[in-house]
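There are 2 protein chains.
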Amino acid sequence: MDNRNQQVLLKRRPTGVPTTADFDIVDSPIPDPRDGEALVRGIYLSLDPYMRGRISGARSYAKPVDVGAVMEGRVVGQIARSRDLRFQEGDYVFGGYGWQLYSAVPADGLVKLDPAEAPMSTALGVLGMPGLTAYVGLNDIGRPQPGETVVVSAASGAVGAVAGQLAKRAGARVIGVAGGPEKCHYVEEEMRFDACIDHRSTNLGSALDAVCSNGVDVYWENVGGDVQQAVFPRLNDFGRIVMCGMVSEYNDLEPRPGPNLMSAVRKRLKIQGFIVSDQWQRLGEYRAMAAPLVRSGELKYREHIVDGLNRAPEAFIGLLGGRNFGKLLVRLGDDPTRSA
Amino acid sequence: MDNRNQQVLLKRRPTGVPTTADFDIVDSPIPDPRDGEALVRGIYLSLDPYMRGRISGARSYAKPVDVGAVMEGRVVGQIARSRDLRFQEGDYVFGGYGWQLYSAVPADGLVKLDPAEAPMSTALGVLGMPGLTAYVGLNDIGRPQPGETVVVSAASGAVGAVAGQLAKRAGARVIGVAGGPEKCHYVEEEMRFDACIDHRSTNLGSALDAVCSNGVDVYWENVGGDVQQAVFPRLNDFGRIVMCGMVSEYNDLEPRPGPNLMSAVRKRLKIQGFIVSDQWQRLGEYRAMAAPLVRSGELKYREHIVDGLNRAPEAFIGLLGGRNFGKLLVRLGDDPTRSA
C-alpha cells in the first residue's frame, strides 16, 4: 500500500468549458474504514459526462459536488482493509468512491466482482452504468421494432455503443453518428452498425438523408446541438427520442433553444428522458443478459484508459469535447487481473 | 328543402393570420346522392383549430384542402334523401361533410344520432372528436394521479374543458389557463377547476407559482407560445406534456424555437403528441362513459353557436385568436330537436 492517498478536489465551479485550474490535486492521509466499512484501493475510475452537471451547481436530479470536496465518481478496485465480514482483503469490488486512490466506503454499497466473469473494468462500462443506461432507455422508451431505423449519437461512446448494438439485436437498422473517421470506422466495422456518419466532416442533414431514406424511427440522444437539430425534422410518425444526455451543450452558459414542439403533435412523437439511477435494481437483469454476450464477443466494447489520477481532469475535459474513443477510464493503480 | 346549396371554398392559402378574403362563399346545386350515399342537410358545422393546418399546404398528418375545394369540416344534420337502406329521410346523423349546407356522403361514414341521448350538437363537441381527444390524451399520456397538479391551457375550449374535468374526476388538482375574466370565471365556477389563470392580464409565471406551489405534473398543451414557455420550467420530475395542439402558433410564418430539451433528461419528462383520428375506434367506449355524465350535468360543456354558413370564415378566424367561448359551432339550418 502506498503511504498516502491522492485526491482530485473541485477547486471552483467552472464557467463554460472546464479547465484543469478548476481542480486541485492534493495528497491526504489514507482514510481508516470504520465498522461496516471497507477501504478500497482504486484500480479504475470511471469518467462520465453526467459529472459536468454535478460541478455546475445548478439544480439537478442529484446533489452537486461541493467546492473543496472530492470529485464524484465510480470506482472498481480491491479491498485493502475490511471492517465488514462480507469482504476480505484482496477482494475485487465495484463501489469505491471518487476521484482518489483510496476510499473508505460502507460495505453495503460494495458489489464483489469475479474477474473470471468479465474484465473488472467492464463493471464501469459495458456491464455497468453505461450499459444499463442503454438497456433501460432502449427497452422503456425507444423500443425499436424490426426494420425500423435507429440513429444513435455518440455512437462509439460507452452508452451509444451498447444502445446501437442492442438495437441491432432487436432487428433495427442502426445508424451511428460519431466524430472523426477512426470512430466511424470502428462503429461500422467492429460494432457492425449499418452506417456511421462523421458529424465533423459532413453536412449532417444530407448524410442522414442518404442513409435514412425511410426517415428515423428512434433517435438516441446523447449529444444535443447540431445532431439533434439535424435528426429532429427527419423523425417519422410515431418516432421516439430517447433523451439520455446532451453532452455537446453541457458547457453552455445559457441553454440553447430547442425544436418547436408542434411536430410532436403532427407526428405523434414521444420525447422522453430518463436517469439510470432510478433503475439500479435492473442491473442484475441486465448483466445476466449482457455478460454472456460480452464473453462471446457478440457485444463489443472499447475502453479508453488514461494512466494516473493526475490526468483525470484533463481526460474529463476531453470527454466533454468528444476526445475520448470508447469508455473513458482512469487507471488508478495496478490491475492484477490484467497483468496476470 | 332550399333550392340551392351554399359552400365555403378555400380561395387561396392564407399567409399568417387568415382573412375572410381567403375564402369564397358560393352557391351551387344540391348534390344527388349516389347508390350507397345519403344527402345530409347540415344543422351544425364544427369549427376546430386543426383546420388551420389543413389550409396551410404544409406536409402534415392529413391531406390539405385544395385551393378551390370546399373547406373541410364535420357536420351533424338530418337525412334529406337516402340511397342506402340503413338511413331514412329525417334521421339525425353525425357525418355530414364540409363547410356547406348539403353534402352527399357515403352512408358507411354516417352514424345515427338519438336526440334523446344527448343534444345533437354534442356529437361535435363534448361527446365527439374534442371529447374523445381529451379522453385519449389523458388516459394514454397524461395519466394524472390523485393529488397531482394538472395545468390545462385553453381551459374553456372544447378539448380543454373535458380534459380538465376528467382530470378532476381522476383526483388531480386542476388549474386552467384561459383568456379573459369571463372564461376564467366559467372555468372556476361552472367547471369547478381549482383555479384558472387569465393569460391576458397576468404574469403567467408568477400566477402559476401562486397556484401550483408543488409544481406541475401534467401539462395539457393546447396553445404553445407564452403559456408553454411559462409552464415548461415548472414541470416536476416525471412530468408529462400532452401535446394536443399549439393554436397560438398556427398563424406563425416561421416556427418559434422550443424549450431546450435537457430538462427532459434531468426531470425524466415525457413529451408526447397524439392525433385523435388514430383512435376513432374508441369513440364508443368514450361515449358510453361520458354521455351519462353529460345528461346528469356532471360533465359540463358550453357551446358558442354562430348563425349562418356565411359567418363561418369570420368565426374560424376568431377561433384561432381565442375569441370563441366554448365549442365553436356554425348553425347551418333549423335544429328541429331544439325548436321542438
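These protein sequence lines map, in sequence, to chains V and X. The first sequence begins at 444 in the numbering used here and counts up by one. The second sequence begins at 444 in the numbering used here and counts up by one. Beta carbons: idealized from backbone N, C-alpha and C, even for Gly.
8 Å Cβ cut-off: residues of chain V touching Asp721(X) = For the purposes of this step, residue 721(X) is taken as residue 278 along the second sequence, with counting starting at 1. By Cβ distance, chain V contributes Arg711.
message = Between Ala550(V) and Leu482(V), how many whole angstroms is the CB-CB distance? I'm expecting something under 8 Å.
response = Mapped onto the first sequence, residue 550(V) falls at position 107. Mapped onto the first sequence, residue 482(V) falls at position 39. Between the beta-carbon of Ala550(V) and that of Leu482(V) there is about 11 Å, and that puts the pair past the 8 Å contact cut.
query = Three or more beta-carbon pairs under 8 Å between the segment 687-702 of chain V and the segment 696-714 of chain X, yes or no?
reply = yes
request  = Give me the Cα-Cα distance between Gly765(V) and Asp750(V), rounded to the nearest whole angstrom.
outcome  = On the first sequence, residue 765(V) is found 322 positions in, with the first residue counted as 1. On the first sequence, residue 750(V) is found 307 positions in, with the first residue counted as 1. Looking at the two C-alpha atoms, the distance is approximately 18 Å.
Chain X contacts from the segment 655-678 of chain V (Cβ-Cβ distance under 8 Å) = Glu664, Gly667 and Gln671
ask   = Within 8 Å (strictly less), CB to CB, does Asn703(X) reach chain V?
value = Along the second sequence, read from residue 1 onward, the residue named residue 703(X) stands at position 260. Closer than 8 Å to some Cβ of chain V, the Cβ of Asn703(X) qualifies, so yes.
request  = Give the single residue among Lys454(V), Gly688(V) and Leu651(V) whose Cα lies nearest to the Cα of Arg677(V).
outcome  = If you number the first sequence from 1, residue 677(V) lands on position 234. When the alpha-carbon of Arg677(V) is set against those of Lys454(V), Gly688(V) and Leu651(V), the nearest one is in Leu651(V).
key: Element boundaries [beta strand (DSSP E), containing Cys639(X)]   = Counting from 1 along the second sequence, the entry for residue 639(X) is found at position 196. Cys639(X) -> beta strand (DSSP E) spans Ala638 to Asp641.
ask   = Helix, strand or coil for Ser525(X) per DSSP?
value = Against the second sequence, residue 525(X) aligns to sequence position 82. Looking at Ser525(X) - three-state DSSP - the assignment turns out to be strand.
ask   = From this set, Gln608(V), Arg612(V) and Ala613(V), which residue's C-alpha is nearest Gly619(V)'s C-alpha?
value = Here residue 619(V) refers to the residue found at position 176 when the first sequence is read from its first residue. Minimum Cα distance to Gly619(V) is reached at Gln608(V).
ask   = Counting pairs of beta carbons, one from the segment 560-567 of chain V and one from the segment 720-728 of chain V, are three or more of them closer than 8 Å?
value = no
message = Ala566(V) and Val593(V) - do their beta-carbons sit closer together than 8 Å?
response = Numbered from 1 along the first sequence, position 150 holds the residue referred to as residue 593(V). Numbered from 1 along the first sequence, position 123 holds the residue referred to as residue 566(V). Cβ distance not < 8 Å, so Val593(V) and Ala566(V) don't count as in contact.
query = Beta carbon of Asn448(V), beta carbon of Pro472(V): below 8 Å?
reply = The count along the first sequence starts at 1 and reaches residue 448(V) at position 5. The count along the first sequence starts at 1 and reaches residue 472(V) at position 29. The answer is yes: Cβ separation under 8 Å.
task = Output the boundary residues of the beta strand (DSSP E) element that contains Pro549(V).
result = Locating residue 549(V) in the first sequence gives position 106, where the first residue counts as 1. Counting along the chain, the beta strand (DSSP E) containing Pro549(V) begins and ends at Tyr545 to Pro549.
ask   = Going by other Cβ atoms of all chains shown within 10 Å of its Cβ, with 16 needed for buried, is Glu632(V) buried or exposed?
value = Position 189 of the first sequence, counted from the start, is the residue given in the question as residue 632(V). The residue is exposed, with fewer than 16 neighbouring Cβ atoms inside 10 Å.
query = Given 8 Å as the limit, is there contact between the segment 482-498 of chain V and the segment 535-543 of chain V, that is, 3 or more CB pairs closer than that?
reply = yes
ask   = How is Asn448(V) classed by DSSP in three states: helix, strand or coil?
value = Here residue 448(V) refers to the residue found at position 5 of the first sequence. Reduced to three states, the DSSP call for Asn448(V) is strand.
query = Just to confirm, are Leu453(X) and Ala512(X) a CB contact at a threshold of 8 Å?
reply = For the purposes of this step, residue 453(X) is taken as residue 10 along the second sequence, with counting starting at 1. For the purposes of this step, residue 512(X) is taken as residue 69 along the second sequence, with counting starting at 1. Yes. Within cutoff.
message = Just to make sure I have the definition right: I need the residues of chain V whose C-beta is within less than 9 Å of the C-beta of Glu692(X). Which are they?
response = By 1-based counting over the second sequence, the position of residue 692(X) is 249. What Glu692(X) touches in chain V: Asn703 and Met705.
task = Throw me the rounded Cβ distance for the Gly536(X) and Val554(X) pair, which I believe falls under 8 Å.
result = Translated into the one-based positions of the second sequence, residue 536(X) becomes position 93. Translated into the one-based positions of the second sequence, residue 554(X) becomes position 111. Just to set this straight, residue 536(X) is Val in the shown sequence, not Gly. Yes, they are in contact, since the Cβ atoms of Val536(X) and Val554(X) sit about 6 Å apart, within 8 Å.
ask   = What distance in whole Å lies between the Cβ atoms of Arg586(V) and Arg495(V), which are believed to be in contact at a cut-off of 8 Å?
value = Counted from its first residue, the first sequence places residue 495(V) at position 52. Counted from its first residue, the first sequence places residue 586(V) at position 143. Actually they do not touch by this definition, with Cβ atoms about 29 Å apart.
message = So, under 8 Å CB-CB, Ser720(X) and Asn665(X) are touching, yes? Tell me the CB distance rounded to an integer number of Å.
response = As a first step, residue 720(X) is located in the second sequence; it is residue number 277 there, counting from the start. As a first step, residue 665(X) is located in the second sequence; it is residue number 222 there, counting from the start. That pair is no contact at about 17 Å.
ask   = From this set, Gly614(X), Glu697(X), Cys639(X) and Ser644(X), which residue's C-alpha is nearest Val654(X)'s C-alpha?
value = Taking the first residue of the second sequence as position 1, residue 654(X) is located at position 211. Val654(X) has its Cα closest to that of Cys639(X), out of Gly614(X), Glu697(X), Cys639(X) and Ser644(X).
request  = Specify the secondary structure class of Tyr487(V) as computed by DSSP and reduced to three states.
outcome  = Indexing the first sequence from 1 puts residue 487(V) at position 44. Reduced to three states, the DSSP call for Tyr487(V) is strand.
key: N-terminal and C-terminal residue of the alpha helix (DSSP H) that Thr576(V) is part of   = Against the first sequence, residue 576(V) aligns to sequence position 133. Unbroken alpha helix (DSSP H) run through Thr576(V): Met572 to Gly580.
task = Entirely within the segment 490-525 of chain V and at least 3 residues each: give me those beta strand (DSSP E) ranges in chain order.
result = 517-525
query = According to DSSP, what are the bridge partners of Trp663(V)?
reply = In the first sequence, the residue the question calls residue 663(V) occupies position 220. Answer is Val595(V) and Val685(V).
inquiry  = Our contact map puts Ala601(V) next to Pro573(V) with C-beta atoms below 8 Å; I'd like the distance itself, whole angstroms only.
reply    = Within the first sequence, numbered from 1, the residue matching residue 601(V) stands at position 158. Within the first sequence, numbered from 1, the residue matching residue 573(V) stands at position 130. 4 Å between Cβ atoms; contact.
key: Residues of its chain near Gly568(X), where Cβ-Cβ distance is below 7 Å and the 5 sequence neighbours each way are ignored   = For the purposes of this step, residue 568(X) is identified with residue 125 of the second sequence, where counting begins at 1. Once the five neighbours on either side are set aside, the close Cβ partners of Gly568(X) are Gly574, Ala601, Tyr744, Glu746 and Lys770.
key: Burial state of Thr458(X), where buried means 16 or more other Cβ atoms lie within 10 Å   = The residue you call residue 458(X) lines up with position 15 of the second sequence. By the 10 Å Cβ count, Thr458(X) comes out exposed.
Residue closest to Ala501(V), alpha-carbon to alpha-carbon, out of Asp777(V), Leu752(V) and Asp695(V) = Taking the first sequence and counting its residues from 1, one reaches residue 501(V) at position 58. Out of Asp777(V), Leu752(V) and Asp695(V), Asp695(V) has the C-alpha closest to the C-alpha of Ala501(V).
ask   = So, are the CB atoms of Ala621(V) and Ala577(V) less than 8 Å apart?
value = Reading the first sequence from its first residue, position 178 is the one you call residue 621(V). Reading the first sequence from its first residue, position 134 is the one you call residue 577(V). Their beta carbons are not under 8 Å apart, which means Ala621(V) does not touch Ala577(V) by this criterion.
key: Residues sharing a beta bridge with Ile618(X), DSSP   = Locating residue 618(X) in the second sequence gives position 175, where the first residue counts as 1. Under DSSP, Ile618(X) forms a beta bridge with Val594(X) and Ala638(X).
message = On the CB-based measure, 16 or more other CB atoms within 10 Å of its CB, does Lys506(X) come out buried or exposed?
response = Indexing the second sequence from 1 puts residue 506(X) at position 63. Exposed, because fewer than 16 other Cβ atoms sit within 10 Å of the Cβ of Lys506(X).
inquiry  = Residues of chain X with CB closer than 8 Å to the CB of Phe717(V), please, in chain order.
reply    = On the first sequence, residue 717(V) is found 274 positions in, with the first residue counted as 1. Here the neighbours are Val708 and Arg711.
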